[in-house]
């Protein structure tokens, strides 16, 4: 950049225009809209029963009461479900990443015979699928109903993530891999020693995608798991919280309210299942390499 | 090599030579094929076997007899399906909800990305992105919980506010037209921020010199947006539009399942929830599979159609 344009840019930057303020205001409102539901739920979970019942809670706790969390944390089924989900998420992410790497790396090699056929097999699944019932019948036939494998195996590889990974691998200069080959390194050796260390940002991003999808997903658990001992946290939450909310919402006036959960406990349960995501999110957020995503769309 | 010469006949020579070539590429790449084995087995077992499983849409499927033992009934399940009034309702709802998303949820991340792109205070932009991406990482169950906490007519945050101002409580979740707004708004809330990532990525690809040239010509902010930024992300917009158009008949299960309730069934019952209820809750496997197959085929036609149109228009398309 020449000196003249540099000063011009600097002058422009230092001048805050009304349109800048307006844009920041709009984005600020959008940020608040994203934040308020969470603030509200935290506020409800920490407020006293009286404050909740008299509808005084907005986005700041009224009174300060940890009781709801005490109830949630002393519920052994809730804790068990959380432990199970952590285990499930970690295993799923590891297996998914290994499988995705195994699939993506060979498919970057243009000389590989059958490459376009393999790609076709994979990409086609993004546009056509058997559907809920054939999936269910397959899981049933494989004897995986009511087994944690039914929550790991069927979604093990996402074609979308696979393509992101393949695009990233392709962008690594061939010459690096070739020099490794000349030194006598095998394909798998090259993959482990050269390609993977260069792909850390995309590996982190995809691990996050897989982990979040497993943590948040409940459709498969709803279909395949009937034993409540094996419920992942989302399904547990659905059973405990949503059912009570929906009943509350759709119940006739004056119907028995006896079985309904107190609002504070619902809110605390929701926070209980959300906090793990909130904890890892800021750490992983810096890996959302925007370049990673654009390859996916063009892929 | 000696062997080839020994064999004498020229055709045999060629055949052996090609065999050697073959074994050479295999010897060179066998590790790559080895890596591919499990993933390909995965795709065949968990993606293609269920496609074969759609055969039960043409059967009177019996769980104990399996696909091979069940009786073939041709298109009977489809005839039965097309005769159900519920069929038209769930197809209409699927199209309605997706069309609303296309009209409102699709442009939202584009607008947001354009605005984010104009932010020049770095810390503000970073904070904004962190917060705006967050809802994408929250499960639909939790979002459902948040929605009830805010929009419920019994103690919901918004209705508390409305009633404290002296107005009537609004039945956001129990009256179907209000529910549509909540459904739509929740979708935007969940996806708009994360959706910007793809457009922001495309924006980084725009040549900075274009902006500098426009500055020299005295172009204002809006002019630059219209003549440089938007054309710069045009192909990304088209690709995203094709994907969304292609999925107009396909609807996820979790969002309508969590957000729907018996009072708004007229709008909230969609193809995926119908398949779940008919197939897994009432064990009408063949009928539900027919519904799923219908959706998948129409979906495929839409994807191919949208892609063809995009290519005719001179865009890149998705395949």
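Residue numbers (my numbering), protein chains in the order written: chain W, 169 to 467; chain X, -5 to 313.
Cβ coordinates follow ideal geometry from the N, Cα and C atoms, glycine included.
Ranking 263(X), 296(X), 236(X), 102(X) by CA distance to the CA of residue 198(W) puts 102(X) first.
Membership of residue 282(X) in the alpha helix (DSSP H) is indicated by the continuous run 279 to 306. With a 10 Å radius around the Cβ and a threshold of 16 neighbouring Cβ atoms, residue 220(X) comes out exposed. The three-state reading of DSSP puts residue 383(W) in helix, counting H, G and I together. By a beta-carbon distance limit of 8 Å, residue 201(W) contacts residue 183(X). Their separation comes to about 7 Å.
Taken through DSSP and simplified to helix, strand or coil, residue 66(X) comes out as strand. A buried status is given to residue 434(W), since no fewer than 16 other beta-carbon atoms sit within 10 Å of its beta-carbon. Residue pairing by DSSP puts residue 53(X) in a beta bridge opposite 66(X).
Of all residues in the stretch 127 to 141 of chain X, only 127, 128, 129, 130, 131, 132, 133, 134, 135, 136, 137, 138, 139, 140, 141 come within less than 9 Å of chain W when Cβ atoms are compared, listed by chain position.
Judged by their CB atoms, residue 400(W) and residue 187(W) are not nearer to each other than the 8 Å cut-off. Interface flag for residue 431(W) against chain X is set, since a Cβ pair is found closer than 8 Å. For residue 23(X), a Cβ of chain W is located within less than 8 Å of the residue's own Cβ. Think of a sphere of 7 Å around the beta carbon of residue 295(W): the chain X residues whose beta carbon falls inside it are 294, 297, in chain order. Residue-level contact check: residue 348(W) does not touch chain X, since none of the beta carbons of chain X fall below 8 Å from its beta carbon. Between residue 107(X) and residue 194(X) a beta carbon distance of about 5 Å is seen, short of the 8 Å cut, so the two are scored as contacting. Contacts between residue 45(X) and chain W, judged by CB atoms closer than 8 Å, involve 296, 297, 298, 302 in chain order.
Between residue 280(X) and residue 53(X), the CB-CB gap stays under 8 Å. Sequence-distant partners of residue 344(W) (beyond 5 residues in either direction) whose C-beta falls short of 6 Å from its own C-beta, in its chain, are 362.
Residue 236(W) and residue 382(W) have their C-alpha atoms roughly 27 Å apart.
Note on geometry: alpha-carbon atoms of residue 298(X) and residue 304(X) lie some 10 Å from one another. Listed in chain order, the positions of the stretch 179 to 201 of chain X with a beta carbon within less than 7 Å of a beta carbon of chain W are 183, 187, 191, 192, 194, 195, 196, 198. With a contact defined as Cβ atoms closer than 8 Å, residue 269(W) and residue 321(W) miss out at about 17 Å.
Between the alpha carbons of residue 318(W) and residue 40(X) lies a distance of about 11 Å. The contact set of residue 322(W) on chain X, defined by CB atoms closer than 8 Å, consists of 40 in chain order. Within the stretch 100 to 111 of chain X, 106, 109, 110 place their CB atoms closer than 8 Å to a CB of chain W, listed in sequence order. Near chain W, meaning a CB-to-CB distance below 7 Å, the residues of the stretch 156 to 171 of chain X are 167, 168. Following the DSSP letters along the chain, one finds residue 274(X) in no alpha helix (DSSP H), marked with neither H nor E. At least one beta carbon of chain W lies nearer than 8 Å to the beta carbon of residue 146(X). Per the C-alpha coordinates, the member of 146(X), 86(X), 259(X), 60(X) positioned closest to residue 243(X) is 86(X). Residue-level contact by beta carbon fails for residue 208(X) and chain W, as no gap is shorter than 8 Å. In the DSSP assignment, residue 239(W) falls within the unbroken alpha helix (DSSP H) covering 235 to 241.
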